[in-house]
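In our numbering, the protein residues as written are 106 to 277.
Written out as structure tokens, the structure is:
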């Protein structure tokens, strides 16, 4: 055997070893990950401040972002666990999820100014936010008690009537 072929064998063996050990077995390769996991987060055009999770292809982790409430895309998960299961630990990989010791702290909704209502146009009362509902069911809106709504309607009607009677046409 020539000296050149003797030095080529260890080099080829070393290259193969590096290629095999370079793969990270704790995460899903991009080829096994759904394509939507590689998309950036999408806030949408609405102005709600909802905490949602997306897979950050740059960091390789699921991270939170503030979602506006409409125009949802697939890389938008209600729970971090759902994001991890879909984009990191999917069925193709069959790996166990790591412990939660190094997770980020997620801001509370109050810290973002979100208090259960979606901001409406300037000067209007915010609209109720849809509660989380199972995918088969229609979302349920948060509602006040019927009696409370009735009294608010009566008060509003009385104010309108008072304004009408105070107009110059009725004043003599």
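Idealized CB from N, CA, C, for every residue including glycine.
Since we're looking at a predicted model, the values are computed, not measured.
- Shortest Cα-Cα distance from residue 138 to any of 176, 156, 260 and 166 involves 166.
- It is roughly 8 Å from the alpha-carbon of residue 168 to the alpha-carbon of residue 185.
- Counting along the chain, no alpha helix (DSSP H) covers residue 167; the unbroken beta strand (DSSP E) around it starts and ends at 166–172.
- 178 is the residue among 259, 178, 153 and 266 whose C-alpha sits nearest the C-alpha of residue 159.
- Annotation: the continuous alpha helix (DSSP H) that includes residue 185 extends over 185–188.
- Residue 254 carries a helical assignment under DSSP once its states are collapsed to helix, strand and coil.
- Looking at the backbone, the Cα of residue 164 and that of residue 145 are separated by about 12 Å.
- Check the Cα spacing between residue 151 and each of 175, 141 and 140: the tightest is with 175.
- Secondary structure note for residue 157: its beta strand (DSSP E) is the uninterrupted segment 155–161.
- Under the three-state reduction of DSSP, residue 182 is assigned to strand.
- Counting of Cβ neighbours within 10 angstroms places residue 193 among the buried residues, the total reaching 16 or more.
- By the Cβ-count criterion, residue 254 is exposed, with fewer than 16 other Cβ atoms from all chains shown falling within 10 Å of its own Cβ.
- Rounded to whole angstroms, the separation of the alpha carbons of residue 153 and residue 195 is 30 Å.
- Assigned with DSSP and collapsed to three states, residue 141 falls in helix.
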